[in-house]
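Trainee:
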Amino acid sequence: MTQTLAGKTALVTAAGNGIGRASAEALAALGASVIATDIDGAAVEAVAATRDRITAHRLDVLDASAVKALIDANPDIDILVNCAGWVHDGTILDCEEAAWDRSFDLNAKALYRITRAVLPGMLAKGAGSIVNIASIVSSEKGAPRRFAYGASKAAIIGMTKAIAADFVKQGIRCNAICPGTVQSPSLEDRLRATGDFETALAAFKDRQPMGRLGQPEEIAEMVCYLAGDGSAFTTGQSFAVDGGWSI
48 MTQTLAGKTA
58 LVTAAGNGIG
68 RASAEALAAL
78 GASVIATDID
88 GAAVEAVAAT
98 RDRITAHRLD
108 VLDASAVKAL
118 IDANPDIDIL
128 VNCAGWVHDG
138 TILDCEEAAW
148 DRSFDLNAKA
158 LYRITRAVLP
168 GMLAKGAGSI
178 VNIASIVSSE
188 KGAPRRFAYG
198 ASKAAIIGMT
208 KAIAADFVKQ
218 GIRCNAICPG
228 TVQSPSLEDR
238 LRATGDFETA
248 LAAFKDRQPM
258 GRLGQPEEIA
268 EMVCYLAGDG
278 SAFTTGQSFA
288 VDGGWSI
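Take the sequence shown: its letters are residues 48 to 294, numbered as in this note's numbering.
1. Are GLY283 and THR207 close, meaning C-beta to C-beta below 8 Å?
2. Count the other CB atoms within 10 Å of the CB of MET257; is the residue buried (16 or more) or exposed (fewer)?
3. Going by Cα to Cα distance, which pick from PHE151, PHE194 and GLY205 is closest to THR138?
4. I'd like the list of long-range same chain contacts for SER199, defined as Cβ closer than 7 Å, with 5 residues on each side in sequence excluded.
5. Evaluate the contact criterion for the segment 236-244 versus the segment 177-197: three or more CB pairs, one atom per stretch, below 8 Å.
6. Taking the CB atoms as reference points, tell me whether LEU158 and ILE203 lie closer together than 8 Å.
7. Say yes only if the C-beta of ASP276 is nearer than 7 Å to one or more non-hydrogen atoms of the ligand ADP, and no if none qualify.
8. Compute the distance between the beta-carbons of CYS225 and PHE286, then report whether it is under 8 Å.
9. Using 10 angstroms around the beta-carbon of SER112, count the other beta-carbons present and answer buried if the total reaches 16, otherwise exposed.
10. Could you give the residue range of the beta strand (DSSP E) that holds GLY175?
11. Grab the span of the alpha helix (DSSP H) containing VAL229 for me, first residue to last.
12. From the DSSP secondary-structure annotation, give me the bridge partner or partners of GLY261.
13. Can you give me the C-alpha to C-alpha distance between ILE101 and ALA249, rounded to a whole angstrom?
14. Where does THR56 fall in DSSP's three states?
15. Going by DSSP in three states, ASN222 sits in which element: helix, strand or coil?
16. Please go through the same chain and pick out, in chain order, the residues whose beta-carbon is closer than 7 Å to the beta-carbon of ASN64, but skip the five residues on each side of it.
17. With distances taken Cα to Cα, identify the nearest neighbour of ILE122 among GLY88, ALA211, ALA274 and GLY175.
18. By Cβ distance, which residues of its chain are closer than 8 Å to ILE124, with the 5 residues on each side in sequence left out?
19. In angstroms, rounded to a whole number, what distance separates the CA positions of ARG259 and TRP292?
20. For the segment 72-108, which segments carrying the alpha helix (DSSP H) assignment without a break, of at least 4 residues, lie completely within its bounds, in sequence order?
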């Protein structure tokens, strides 16, 4: 059966590039009206300019008042896709408290803040799908030099299950996706920062059993599945889309 999201409104964070952009575009292609947000206003405006059914909003997910204002102006959300995140590179010994706080503020607290703002509108309608982008590096798997990142992404899985359990009888579904390493501008920036882009890229590819990086569109396919009615009997789950890294 061909899935349609016609008549649904979706809110996507970090939609300026990477998984967020691919998700916004894929949801719109299925008929959803998409509110695409990003701290990079120009990037998200560019997405909206070339796609039907996408409207752009600059949003800093760390700004509680901005989040509230956006949801107050757009209370009728059917699908929430939480994509915003940040990768800290280092072990616990490399992780100062500022880096720990930023990891949890951006990866976990922002998700808490936006979900808490959107959820009342979903409950009023008795329906809603929340899709959280976690990571295979979380409670699912450890990875070298991903201490704060893995801990904060594990928190997303915990929140996902808690939200699902609390509201399963009220029509709300909440699931998480755990990607492996996915091609994105932010990844490329981190690879360049090593000083040896090609060697760093080869190392990232080597840890994926499929021998390649994932593509944002491959994660967006799972986003759309979890957003739509085809997954109506699915909640509280975390799905690895990781090229076999977790095998």
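Think of the CB as a built atom: it goes at the ideal place given N, C-alpha and C, for glycine as much as any other residue.
Mentor: On the basis of the coordinates in this document:
1. Numbered from 1 along the sequence shown, position 236 holds the residue referred to as residue 283. Numbered from 1 along the sequence shown, position 160 holds the residue referred to as residue 207. With contacts defined by Cβ atoms closer than 8 Å, GLY283 and THR207 form a contacting pair.
2. Numbered from its first residue, the sequence shown carries residue 257 at position 210. MET257 should be labelled exposed.
3. Along the sequence shown, read from residue 1 onward, the residue named residue 138 stands at position 91. Nearest C-alpha to THR138: PHE194.
4. Within the sequence shown, the letter at position 152 stands for residue 199. Sequence-distant Cβ neighbours of SER199 in its own chain, meaning closer than 7 Å and more than five residues away, are SER150, PHE151, ASN154 and ALA155.
5. Contact fails: fewer than three Cβ-Cβ distances are below 8 Å.
6. Locating residue 158 in the sequence shown gives position 111, where the first residue counts as 1. Locating residue 203 in the sequence shown gives position 156, where the first residue counts as 1. Contact check for LEU158 against ILE203 passes: the beta carbons are separated by less than 8 Å.
7. By its list of ligands, the structure shown contains no ligand whatsoever, and the ligand ADP lies outside what it can speak to.
8. Counting from 1 along the sequence shown, the entry for residue 225 is found at position 178. Counting from 1 along the sequence shown, the entry for residue 286 is found at position 239. Against a cut-off of 8 Å, the Cβ pair of PHE286 and CYS225 comes out as a contact.
9. Residue 112 sits at position 65 when you count from the first residue of the sequence shown. With fewer than 16 Cβ atoms within 10 Å of its Cβ, SER112 is classed as exposed.
10. If you number the sequence shown from 1, residue 175 lands on position 128. Unbroken beta strand (DSSP E) run through GLY175: 175-180.
11. Along the sequence shown, one-based indexing puts residue 229 at 182. Counted as a single uninterrupted DSSP element, the stretch harbouring VAL229 is not any alpha helix (DSSP H), since DSSP gives it neither H nor E.
12. Mapped onto the sequence shown, residue 261 falls at position 214. Answer is VAL229.
13. Sequence index remark: in the sequence shown, residue 101 carries index 54 (1-based). Sequence index remark: in the sequence shown, residue 249 carries index 202 (1-based). Those two C-alpha atoms are separated by around 35 Å.
14. Numbered from 1 along the sequence shown, position 9 holds the residue referred to as residue 56. THR56 sits in a strand when the DSSP states are folded into three classes.
15. Working through the sequence shown from its first residue, we reach residue 222 at position 175. ASN222: strand per DSSP, three-state reduction.
16. The residue given as residue 64 occupies position 17 in the sequence shown. Only residues of its own chain outside the window of five on either side were considered, and among them ALA90, SER231 and PRO232 have a CB closer than 7 Å to the CB of ASN64, listed in chain order.
17. On the sequence shown, residue 122 is found 75 positions in, with the first residue counted as 1. The displayed chain sequence assigns Pro, not Ile, to residue 122. Closest option to PRO122, Cα to Cα, is GLY175.
18. Mapped onto the sequence shown, residue 124 falls at position 77. The beta carbon of ILE124 is closer than 8 Å to those of THR56, ALA57, LEU58, ILE82, ILE118, VAL165, GLY168, MET169 and GLY175 in its chain, skipping five residues each way along the sequence.
19. Your numbering for residue 259 matches position 212 in the sequence shown. Your numbering for residue 292 matches position 245 in the sequence shown. Their Cα atoms are separated by approximately 11 Å.
20. You should have 88-96.
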